Structure formats: C-alpha cells, structure tokens
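Colleague: Take a look at the following structure, please.
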Ligand code: DX5
Ligand code: ZN
C-alpha cells in the first residue's frame, strides 16, 4: 500500500510546530521537507535549522528533499539536524556518488530525484547505492501545481531497471498528487507519494490523508 508523505511546504509557516504535531496526529508517518536554494529552483524555503527545530516535536520519518545546485556541503548539517532520508537531484552540480556516500556516512538513507524533463536512465548508474528514488511529477519549485501524468511512466522504467539488477528500490512521486489522481499514480507503481496542498490545504487534514491513502489502496 502506498504511503502518503505530507509536504511541509504547504503548511502554515506561522505555526510550523503545531502543523507538524497536527499532521502526525492525523496519521502521517513520513514528513516531506522541501529545501530550495533559490538557484536550482526559483524559490527559497528554509534550512537545516528548521529541521533541527522540528525534530524534537515528531517521530515521523523526516524525508528531506534538497532542491539545491550544491547540496554536498550541506548534507552533514541536514543529517545532524535530524533528517532520516536525504534526496538530492541528479541535475545538481555536485558529484552524485560523493553525495550518496556522504549521506550514507551520516548513517541515514539516500535518494536521488529526477525532474520531469530528465530521463530516468540518468539514475541507472546509481541504482545499487540508493534507498529510494524520487520522481518529480511537477517542475520543482512550488507547491500547488498540476501533476504532469506522463512523468508516471518513468516508474515502470525505473522498476524494470532495478529488477534487472536484482534490486528493490522504492519509488516516490512528488508534485500535484490529489484524490483524483492518486489511484492512477498507485497503479503506475508509486510506493510513496508526496502530497502538499492536497493534505495541508484541506480543512480536515486527517480526512484528506485518509482519503488519499484509501484512494491509493484501491489501485492495489
Ligand atoms: C515541489 C516540491 C513538492 C511540493 C508538492 O517543488 O518538491 O514536494 O511540496 O506540493 P503539492 O503536493 O502541492 O504539489
Ligand atoms: Zn519535494
């Protein structure tokens, strides 16, 4: 059954601590945390001090998505701040093997992400080193965009490549997930799905999270 990971980007920034507690009480097991550097993407969010501040409030898996041109020198700080998983982009300018190795040296899980226009083959050289893969289903940078459904086709390509290598690497999708497309995404093979607006933007977050989880399960 696919796991829904609410994205902190769509939370109310005036009360982050309360938002994290609320979403955990609503049943979330994984919190997706988007870090944007204003260069890799045309937007800024927050840094590792936010991760550090929120860590004592929650036992959720902190899934940190680094949308940064140069993530390598920040990995250790994000790990020390309490990240459980760190994902960097294949399109970044740092050495990808060095990034993945650094994340593992910090004792946490490593992921690589592909933007919509990047071919999934870009991931292939690293598959045996990865704990998860993040397929962007919107151009990264902003919450609340519409899903690009054609990106879902990458999941099967990635899974076939993993299978050919005797690997099982979970695939997560990120961007535009909502109650109307969650079933299709699950059918396409997504093991985890980030949902920002569809959860934090809902009047009843617990109900929204439940509806997405059930919507994904109907495709099983
Ligand atoms: C987009 C971020 C996403 C974003 C998803 O650049 O990486 O994680 O928070 O938000 P929604 O679900 O609203 O598209
Ligand atoms: Zn993200």
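Numbering (our numbering), first residue to last: 87 to 306. Cβ atoms here follow ideal geometry from the backbone N, Cα and C, with glycine treated the same way. These numbers were taken from a predicted model, which means no experiment stands behind them.
#1: With respect to 7 Å, is the separation between the Cβ of residue 120 and the closest non-hydrogen atom of the ligand ZN below this value?
#2: Does the ligand ZN have a heavy atom nearer than 7 Å to the CB of residue 93?
#3: Between 176, 298 and 210, which lies nearest to residue 248 when the distance is taken from Cα to Cα?
#4: With DSSP collapsed to three states, give me the class of residue 164.
#5: Are residue 156 and residue 179 close, meaning C-beta to C-beta below 8 Å?
#6: Is DSSP giving residue 286 helix, strand or coil here?
#7: Between the C-alpha atoms of residue 197 and residue 290, what's the straight-line distance to the nearest angstrom?
#8: Looking only at its own chain, which residues have a Cβ that is under 7 Å from the Cβ of residue 161, when we skip the five neighbours before and after it?
#9: Can you look up residue 260 in the DSSP assignment and give me helix, strand or coil?
#10: May I ask you to report which of helix, strand or coil DSSP gives residue 123?
#11: Is there at least one non-hydrogen atom of the ligand ZN closer than 7 Å to the beta-carbon of residue 84?
#12: Smallest Cα separation from residue 149: which of 194, 251 and 227?
#13: Taking contact to mean at least 3 C-beta pairs separated by less than 8 Å, is the region 269-276 in contact with the region 107-126?
#14: Are the beta-carbon atoms of residue 168 and residue 127 separated by less than 8 Å?
#15: Report all residues from its chain with a CB closer than 6 Å to the CB of residue 103; omit the five preceding and five following residues, and keep chain order.
#16: Here's the rule: buried if 16 or more other CB atoms are within 10 angstroms of the residue's CB, otherwise exposed. What is residue 226?
#17: Is the distance from the Cβ of residue 261 to the Cβ of residue 96 below 8 Å?
Modeller: By the coordinates alone:
#1: yes
#2: yes
#3: 210
#4: In this structure, residue 164 counts as helix in the three-state DSSP scheme.
#5: The answer is yes: Cβ separation under 8 Å.
#6: helix
#7: Cα atoms of residue 197 and residue 290: separation of roughly 31 Å, rounded to the nearest angstrom.
#8: Result list for residue 161: 172, 185, 188, 189 and 192, in chain order.
#9: Residue 260: strand per DSSP, three-state reduction.
#10: strand
#11: For the chain, the structure presents residues 87 to 306; residue 84 sits outside this window and is missing.
#12: That would be 194, whose Cα lies nearest to the Cα of residue 149.
#13: no
#14: no
#15: 143
#16: Around the CB of residue 226, 16 or more other CB atoms lie within 10 Å, so the residue is classed as buried.
#17: No. Outside cutoff.
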